[in-house]
Every structure is written in structure tokens, then in C-alpha cells.
Amino acid sequence: MKTSKTALNLTQGRPLKLILLFAIPIFFGNLFQILYNLVDTKIVGSILGEDALAAVGAVSSLYTLLTGFFNGLSLGFSVIISRHFGSGNERELKRTAAGSILLGFGTAAIIIMAVALCLKPILTLLNVPNEQLTMAYTYISILVWGMFVTLAYNLCANMLRAIGDSLTPLVFLVIASVLNVALDYTFILGFDMGVKGAAVATVLSQSVSVALCLIRIKKGFPILHVSKGDFLLTKGQIFAMYESGLSMGLMSSLVNFGSLVLQSGINQLGMNIIVAHTAARKVFEIWNLPVSVLGAAMATYCGQNYGAGQYARIKKGMKDTLILGSVWIALIFVLAHTVSPYLIAFLASTQNEEIIYWGSMYLRVDMSFLIAVVFIVILRNSMQGFGDYRTPIFSSFIELVGKLVFTFVFVRLFGYWGIIWTEPVIWFLMVIPLIVMTLRNPIWRFKKQDVDENADA
Numbered sequence: 017m018k019t020s021k022t023a024l025n026l027t028q029g030r031p032l033k034l035i036l037l038f039a040i041p042i043f044f045g046n047l048f049q050i051l052y053n054l055v056d057t058k059i060v061g062s063i064l065g066e067d068a069l070a071a072v073g074a075v076s077s078l079y080t081l082l083t084g085f086f087n088g089l090s091l092g093f094s095v096i097i098s099r100h101f102g103s104g105n106e107r108e109l110k111r112t113a114a115g116s117i118l119l120g121f122g123t124a125a126i127i128i129m130a131v132a133l134c135l136k137p138i139l140t141l142l143n144v145p146n147e148q149l150t151m152a153y154t155y156i157s158i159l160v161w162g163m164f165v166t167l168a169y170n171l172c173a174n175m176l177r178a179i180g181d182s183l184t185p186l187v188f189l190v191i192a193s194v195l196n197v198a199l200d201y202t203f204i205l206g207f208d209m210g211v212k213g214a215a216v217a218t219v220l221s222q223s224v225s226v227a228l229c230l231i232r233i234k235k236g237f238p239i240l241h242v243s244k245g246d247f248l249l250t251k252g253q254i255f256a257m258y259e260s261g262l263s264m265g266l267m268s269s270l271v272n273f274g275s276l277v278l279q280s281g282i283n284q285l286g287m288n289i290i291v292a293h294t295a296a297r298k299v300f301e302i303w304n305l306p307v308s309v310l311g312a313a314m315a316t317y318c319g320q321n322y323g324a325g326q327y328a329r330i331k332k333g334m335k336d337t338l339i340l341g342s343v344w345i346a347l348i349f350v351l352a353h354t355v356s357p358y359l360i361a362f363l364a365s366t367q368n369e370e371i372i373y374w375g376s377m378y379l380r381v382d383m384s385f386l387i388a389v390v391f392i393v394i395l396r397n398s399m400q401g402f403g404d405y406r407t408p409i410f411s412s413f414i415e416l417v418g419k420l421v422f423t424f425v426f427v428r429l430f431g432y433w434g435i436i437w438t439e440p441v442i443w444f445l446m447v448i449p450l451i452v453m454t455l456r457n458p459i460w461r462f463k464k465q466d467v468d469e470n471a472d473a
């Protein structure tokens, strides 16, 4: 099976080394994605003021919900591609790639149009303050229609990662990130477009990364070239793709819908709390990035090895990444209890003591329990890779129910303290079924020596 030199076969060699080689480009790609989101936050806050920042923050969870679903959908499709790559079945790989395009955009058209038509009622349900409603609607409406571009990038990037190339998406995302910074200043400062300029800059910069990915696939990845006949899918193929894609998309949606509901509670606590939470979540995204990247890498790693029948390697890779993630969390604990106030002040572009206090308090409490997230992210992504779709969804459903309860009960009783304690409590409830079902899976019975025999292959 011919692939580009940048593609990586994860079924041979030392598991942790391969996982890290594969994960590092994903890490830097996601880092740049977060950084240009931070640039939006920083520019909006410092140039347009706290009202504009609150407007962006009030709808950020809706944007995260949509991007999370489409990334999960495309990642679920790519897991099947990784299995065919691991087994060497090029014909089915091409059909899955074609099906990803067909089913991905078909699904996106329905969801995006539905959200766009119901956007104003959605913002009302989110309790977006009247003072920020117009700006929030302007900002999020552009990003909603831009979801087609977001899906296109995720499809390209996840297909490439499925065959072991995590470097190409990184290169083009870096280019898009730099362009996004330039366009932010151009549209917000030069053209005086306000929050609308930040949204337009994001969509245009993503469009560039999509175009570059398509050119690279056409020139360097013939294994991903599809023909008209590849789009003729059987019912069984459609079912298998939707089972994987909707599973990961739904898993992400349950998590992010819970956050959306939680945001509606936050939006009732006043502008200072909205700004504090927006800044704190940006810090959380950066600190949690290595963990989420390891999880994304494990989905592809487990998918390739599952397709190749290398079950002992799956167990070894899971153990190694859990240890590595735990070491990272120990460092985050120290950072959370030392530099949190300075980071909140910087990102929110403020010296408001209330904003700094609540933002740093959120980080100090929640980051102290982040070890549970390591197990949640790595275990549920690994399960998706080797075909257990139900347990991750059940775990995510626990998160949704927990956030509903906290929003409508504890937030009303304890204010922002209810928000702060929401996630630590829910994390430990979520991780229980993941650990239990992982230990019960037949893959966990394979011995370490079964991996060592092929470690240097």
C-alpha cells in the first residue's frame, strides 16, 4: 500500500515512541488553533472592550459544541480508515474516504441549516444578556455558516492522520494561524468591523488551510484519491461509518451540550463572571491540550493496531500514555496554584479584581482533579479505536446529566461556586464505567511480552 513518506505505520515499533511521534504534530497543530482563538479573545478584549468579550464568551460554548461534533464525526470516520490502513485493505479505505465526504457534508447541511434558522431562540435559551445579544448574534451566525469550512478541514486532517500523517495538517494549520492573526487586526482595526471581523477572519483562515490540504492530498497521497465508484456505498458500509462517526460526534456533543447548558447558568451571573470563566476556560484548554492530543493519537493508534490484529500493542500503548498523562497533570497542579491570577489578568486584558479572583479560583480547584480527565480522554478514545462505542457515549451521558443537575440546582443555590465544583464531581463519575469496561475487555488480557517481541520491528 503506497503512502507518502510523512505517513507513519503505528503497528510496528515501540508503542510510546510511535504515539509521541504521531502526537507531537497534532499537539502543535491544536496549540496553534488554540492560540489563534486566544488572539481573537485578546484582540476583542483589549480593542473592543469587556462588553464585546462577554458577547463572544456568551456564545463560545455553542461554537465549541458544533466544532466538537464535526471533529468527532470526521474522527469517527477516520478511525475506520485507520483500521483498513492497518489491515492493508486499500479498496475499502478509498470507499470509506469517499463515504466520509458524502456523509459528512450531508449531515452538516442538515445541522447547520437547523441551527442557523433557530439561532435567535438558541441565544435566548442561553440567557445571553440583552446588552451583548446583538454582538453575540453577529459573531456566532458567521461562525455557524463557516462550519462547512471547519468540517472540510477536519475531514482532510483526520484522513491524513488515519494513515499516519499528522505533520501535513500541522504545517497548513500554522499558516492559517498566522494568517488569522493578520486578518484579525485587518478587519477589527483596519476595517472597524468589530466582533464580526474576528469571526470572518477565523472562517477565511480556515478556508486557506482546507485549500492547502486538498492540494497536498492530490499531489502526495494517492491512497486517498477517490473515484465516482467509491461513492457507491452499501447499507452495511453506511451503517458502520455512522456507527463510528456519530458515536464520536455524539460523545463530543454530549460533553459540549452539557457545557452549553452550564454556560446558560454562567450567563445569569453577570458580566464579570462571564469574562472570568471565558478566560479561565482558555487557560484550561491550553493546559489540557497534551492530554486531549494523546487521546486523539490513541484513537488512530488503536484503530491501526486493531485492524492489524496487534491487540497486545493496544494495551501497552494505553498503559504508557496513561502514565505520561499523569506526569503532565502533576506539573499542571503546580502551575494552577502559582500563576493562575497572572494568566487570567493577561487573557481578559483587565485588572478587575473580581474577574481575576473567580477565574483563578476556577483553575485552582478544577486543575487539582484533572487526573480523572487523563483516564477519561485516553480510555474513551482508545475504546473508539478498538470498536467499543457504547461505553464512551454512556460516560459522556453521565457528564450531560451532571451538568444539567448542577446548572438548575447547585448554580442557583451557590452561584459560581456551583460552576467550579461541577466538573470535578462529574469527572469522577464519568471515569468509573470507562475503567470497569476497559478492564473487562479481552484486549486487556494480552501480556506485555507479546509486545516486546515486536518492539523493534
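Per the numbering used here, residue 17 is the first one in the sequence shown, and the count goes up by one each step. Even glycine gets a Cβ: it sits at the ideal position worked out from N, Cα and C. Just so it is clear, the structure is predicted and the values come from calculations on it, not from any experiment.
*So, is Lys251 buried or exposed, given that buried needs 16 or more other C-beta atoms within 10 angstroms?*
Position 235 of the sequence shown, counted from the start, is the residue given in the question as residue 251. Lys251 comes out exposed.
*Check whether the Cβ of Asn143 sits closer than 6 Å to any heavy atom of the ligand MN, and report yes or no.*
As far as ligands go, the structure on display features none, and thus does not contain the ligand MN.
_Contact between the segment 233 to 249 and the segment 101 to 118 is defined here as three or more beta-carbon pairs at a separation below 8 Å; is this criterion met?_
yes
_Inter-residue Cα distance where the pair is Trp460 and Asn321_ = What you label residue 460 is simply residue 444 of the sequence shown in a count that begins at 1. What you label residue 321 is simply residue 305 of the sequence shown in a count that begins at 1. Each residue's Cα considered, the two are about 14 Å apart.
*Could you tell me the distance, in whole angstroms, from the CA atom of Ser94 to the CA atom of Leu171?*
Translated into the one-based positions of the sequence shown, residue 94 becomes position 78. Translated into the one-based positions of the sequence shown, residue 171 becomes position 155. When rounded, the distance between both Cα atoms is 8 Å.
*Any idea what DSSP makes of Gly65, helix, strand or coil?*
Here residue 65 refers to the residue found at position 49 when the sequence shown is read from its first residue. Of the three classes helix, strand and coil, the one that applies to Gly65 here is coil, per DSSP.
*Measure the CB-CB distance between Thr27 and Gly102 and report whether it falls below 7 Å.*
If you number the sequence shown from 1, residue 27 lands on position 11. If you number the sequence shown from 1, residue 102 lands on position 86. Against a cut-off of 7 Å, the Cβ pair of Gly102 and Thr27 comes out as a contact.
*Can you round the beta-carbon distance between Val75 and Leu24 to whole angstroms, since I take them to be within the 8 Å contact cut?*
Within the sequence shown, residue 75 is the residue found at index 59, counting from 1. Within the sequence shown, residue 24 is the residue found at index 8, counting from 1. 38 Å between Cβ atoms; not a contact.
*Mapping DSSP to helix, strand and coil, what is Asp472?*
Sequence index remark: in the sequence shown, residue 472 carries index 456 (1-based). Confidence is the limiting factor: at Asp472 the pLDDT is only 42, short of 50, which leaves the residue's position unreliable and the question unanswerable from this model.
*Output the residue ranges of the alpha helix (DSSP H) runs that lie fully inside the segment 327 to 371 and measure 4 residues or longer, sorted by chain position.*
327 to 352, 356 to 364
*Comparing alpha-carbon positions, which option in Tyr79, Ile204, Asp67 lies nearest Thr150?*
In the sequence shown, the residue the question calls residue 150 occupies position 134. Answer by Cα proximity: Asp67.
*Determine the burial state of Gly180: buried for a count of at least 16 other Cβ atoms within 10 Å of its Cβ, exposed for fewer.*
As a working mapping, residue 180 is identified with position 164 in the sequence shown. Gly180 comes out buried.
*Ile231: buried (16+ other C-beta within 10 angstroms of its C-beta) or exposed?*
On the sequence shown, residue 231 is found 215 positions in, with the first residue counted as 1. By the neighbour-count rule (16 or more Cβ atoms within 10 Å), Ile231 is not buried but exposed.
_Determine whether the beta carbon atoms of Ile345 and Leu395 lie at a separation below 7 Å._
As a working note, residue 345 is residue 329 in the sequence shown. As a working note, residue 395 is residue 379 in the sequence shown. Against a cut-off of 7 Å, the Cβ pair of Leu395 and Ile345 comes out as no contact.
*Please state whether DSSP places Ser8 in a helix, a strand or coil.*
Residue coverage of the chain in this structure runs from 17 to 473, which leaves residue 8 outside it and unanswerable.
*Would you give the residue range spanned by the alpha helix (DSSP H) that Lys212 belongs to?*
Sequence index remark: in the sequence shown, residue 212 carries index 196 (1-based). From DSSP, the alpha helix (DSSP H) with Lys212 extends over 211 to 236.
*So, using beta-carbon positions, are Phe81 and Ser280 closer together than 7 Å?*
Taking the first residue of the sequence shown as 1, we reach residue 81 at position 65. Taking the first residue of the sequence shown as 1, we reach residue 280 at position 264. Note that residue 81 is Leu in the sequence shown here, rather than Phe. The answer is no: Cβ separation not under 7 Å.
*Reduced DSSP category for His100 - H, G, I as helix; E, B as strand; rest coil*: Translated into the one-based positions of the sequence shown, residue 100 becomes position 84. Three-state DSSP puts His100 in a helix.
_Inter-residue Cα distance where the pair is Ser412 and Phe273_ = Counted from its first residue, the sequence shown places residue 412 at position 396. Counted from its first residue, the sequence shown places residue 273 at position 257. Approximately 10 Å between the Cα atoms of the pair.
*Give the C-beta separation of Gly431 and Leu285 to the nearest angstrom, bearing in mind that I take them to be a contact with Cβ-Cβ under 8 Å.*
Within the sequence shown, the letter at position 415 stands for residue 431. Within the sequence shown, the letter at position 269 stands for residue 285. About 6 Å separates the two Cβ atoms, so the contact holds.
*Thinking C-beta only, is Lys298 closer than 7 Å to Leu363?*
Counted from its first residue, the sequence shown places residue 363 at position 347. Counted from its first residue, the sequence shown places residue 298 at position 282. In this structure, Lys298 lies closer than 7 Å to Leu363 by Cβ.
*Where the alpha helix (DSSP H) through Gln320 begins and ends*: The residue you call residue 320 lines up with position 304 of the sequence shown. Segment 305 to 323, the alpha helix (DSSP H) holding Gln320.
_To test your reading of the DSSP string, which unbroken alpha helix (DSSP H) runs of 4 or more residues are found completely within the segment 68 to 145?_
106 to 133, 135 to 141
_Buried versus exposed, by CB contacts within 10 Å (16 or more), Ala295_ = For the purposes of this step, residue 295 is taken as the residue at position 279 of the sequence shown. Buried, because 16 or more other Cβ atoms sit within 10 Å of the Cβ of Ala295.
*asked:* With distance defined between alpha-carbon atoms, name the residue in Phe444, Leu34, Val277, Thr316 nearest to Phe422.
replied: Start at 1 with the first residue of the sequence shown, and residue 422 comes out as number 406. Closest by alpha carbon: Val277.
*Nearest-angstrom Cα separation, counted from Ile442 out to Asp404*: Along the sequence shown, one-based indexing puts residue 404 at 388. Along the sequence shown, one-based indexing puts residue 442 at 426. Answer to the nearest angstrom: the Cα atoms are 22 Å apart.
_Measuring only the C-alpha atoms, how far is Ile128 from Leu262?_
Position 112 of the sequence shown holds residue 128. Position 246 of the sequence shown holds residue 262. Each residue's Cα considered, the two are about 16 Å apart.
*asked:* Given this structure, state the Cα-to-Cα distance separating Val211 from Ser376, to the nearest angstrom.
replied: Along the sequence shown, one-based indexing puts residue 211 at 195. Along the sequence shown, one-based indexing puts residue 376 at 360. Answer to the nearest angstrom: the Cα atoms are 26 Å apart.
*Measure the alpha-carbon distance for Gln465 versus Gln326 and round it to whole angstroms.*
As a first step, residue 465 must be located in the sequence shown, where it is residue number 449. As a first step, residue 326 must be located in the sequence shown, where it is residue number 310. Note that Gln465 has pLDDT 47, beneath the 50 cutoff, so the model's placement of it is unreliable and the number below is only indicative. About 13 Å.
*Of all Cβ atoms in chain D, is any one closer than 7 Å to the Cβ of Gly325?*
Reference to chain D is not applicable here, since this structure consists of a single protein chain.
*asked:* What residue range does the alpha helix (DSSP H) around Thr454 cover?
replied: For the purposes of this step, residue 454 is taken as residue 438 along the sequence shown, with counting starting at 1. 432 to 456 is the extent of the alpha helix (DSSP H) around Thr454.
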